[in-house]
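Peer 1:
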Amino acid sequence: MSKLSCIALLSCMVLLVPPAAMAGGGELFVAKCGACHKKGGQAAPVNPADKAGKVWEKYFKRGRHPVDLAGKVNPKELDEIVAYLVDHAADSDQPEAAAIPK
Ligand code: HEC
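Right under this line is the structure:
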């Protein structure tokens with residue numbers, strides 16, 4: 002492939018995949034929650050398997066998170082993230098303990 006068509010192809014791929022629109026709950030979790038909850042970050046790494054599904058369902062609704070996430074995670078994103086957390090919680094069929102490396 003010529004260098005030019007390679008560049009053309011790459012720029013088309015970038016246009017076709019706007020990251021925010023494509024992101025599912027798992028990607029949002031790593032991007033949004035992982036912004037603080039990572040090794041060496043301002044908060045300790047967090048993963049879906051840290052809690053049971055019922056706990057995650059209530060966690061943000063009941064205002065348990067110690068930091069206000071307004072302006073950082075919008076309600077729609079938070080819904081998707083919570084759905085992912087519940088799907089991969091400690092008591093789920095596919096617990097996820099390493100989405101954010103500890
Ligand atoms: C602006 C930074 C920030 C963002 C973004 C953030 N958190 Fe936190 N979170 C904190 C801080 C600070 C604490 C308290 C210190 C700690 O637990 O290390 C905390 C605590 C927590 C705890 C309690 C820890 C425990 O063991 O019970 C959980 C659970 C949690 N966050 C989940 C999340 C999830 C899920 C998201 C994404 C929706 C998120 N956080 C986004 C900063 C953040």
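Under the numbering used here, the letters of the sequence shown match residues 2 to 103, in that order.
The beta-carbon is built from N, C-alpha and C at its ideal position, and this holds for glycine as well.
Specify the secondary structure class of Ala44 as computed by DSSP and reduced to three states.
Peer 2: Residue mapping note: residue 44 aligns to position 43 of the sequence shown, counting from 1. Three-state DSSP puts Ala44 in a strand.
Peer 1: Leaving out five residues before and five after Lys103 in sequence, what residues of the same chain have Cβ atoms less than 6 Å from its Cβ?
Peer 2: For the purposes of this step, residue 103 is identified with residue 102 of the sequence shown, where counting begins at 1. Excluding sequence neighbours, Lys103 sits near Pro46.
Peer 1: I need the straight-line Cα distance from Asp69 to Phe61, nearest angstrom please.
Peer 2: Position 68 of the sequence shown, counted from the first residue, corresponds to residue 69. Position 60 of the sequence shown, counted from the first residue, corresponds to residue 61. Whole-angstrom Cα-Cα distance: 10 Å.
Peer 1: Compute the minimum distance between the beta carbon of Val74 and the heavy atoms of ligand 1, and state whether it is under 7 Å.
Peer 2: In the sequence shown, residue 74 corresponds to position 73, counting from 1. Val74: yes, Cβ under 7 Å from ligand 1.
Peer 1: Counting only the same chain and skipping the five closest in sequence on each side, list residues whose C-beta sits under 8 Å from that of Ala21.
Peer 2: Mapped onto the sequence shown, residue 21 falls at position 20. For Ala21, the pLDDT reaches just 46, beneath the cut-off of 50, and the residue's location in the model is therefore unreliable, leaving the point undetermined.
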